[in-house]
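Numbering (the numbering used here), first residue to last: 3 to 152. Idealized CB from N, CA, C, for every residue including glycine. Because the structure is a prediction, the values reported are computed rather than measured.
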Amino acid sequence: MKTIDLFTETLQKAFAPQSVSVQLEDDIDISRGDMLVKETNGHEPVVSQDIDVMLCWFNERKMIPGGKYTLRQTSAEMRCMIKSVDYKMNINTLEHDPDDLEVNMNDIVRVKLRTTKPLFYDSYNVNRNTGSLVLIDETTNETVAAGMIV
């Protein structure tokens with residue numbers, strides 16, 4: 003890394019919630035939503051377009067399997083599709099119900115998402131900031147679901 007700039011000041015380190023500009027030594031194409039990871043982090047994030055997520059559905063309209071939504075995670079934004087619903091969780095018994103896959107408001111479900119570009123993430127259990135996301139309806143701009151990456 004060449005420099006970390008905060009307005010007119012050059013920093014040695016940056017921390018959340020600072021909004022900084024990073025200049026790299028090498029010519030690498032990075033932009034908003036990309037992730038920088040410390041070499042001594044202990045683990046690398048997962049990079050994939052296929053993501054397993056536990057979702058809570060917020061919208062009055064039912065979830066549409068195969069439906070397309072905007073996914074927001076940290077500062078990354080991309081389109082995604084709900085590939086499948088694996089099961090619905092019974093909120094009274096916490097049992098998995100793989101037979102009732104109709105998703106209505108306040109249902110909690112495990113789904114598979116497919117994104118239009120690779121997403122860098124950790125599971126929610128490792129890092130809640132990079133392991134959480136929201137889905138937004140592209141036509142109404144309503145937040146329809148919040149999720150934890152498994």
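query: Proximity winner among G44, V39 and N143, relative to R74 (alpha-carbon distances); result: N143
query: Residue range of the beta strand (DSSP E) that includes M3; result: Premise fails: M3 is in no beta strand (DSSP E) and is neither H nor E.
query: Inter-residue CB distance, L135 and I151 (contact presumed, cutoff 8 Å); result: 7 Å
query: Residue(s) in a DSSP beta bridge with Q51; result: None; Q51 has no bridge partner.
query: Nearest candidate by alpha-carbon position, reference Y89, set T95, R81, C82 and D99; result: D99
query: Continuous beta strand (DSSP E) stretch holding E11: start and end; result: E11 to L13
query: Beta-carbon contacts of T12 that lie in its chain and below 6 Å, excluding the five residues immediately before and after; result: T5
query: Contained beta strand (DSSP E) runs [length at least 3] in the region 52-82, N- to C-terminal order; result: 70-75
query: CA-to-CA distance, L38 to R116, given in whole angstroms; result: 23 Å
query: Same chain, Cβ closer than 7 Å to S50, five either side skipped, listed in chain order; result: P120 and L121
query: Run of the beta strand (DSSP E) containing K119, from where it starts to where it stops; result: I110 to Y123
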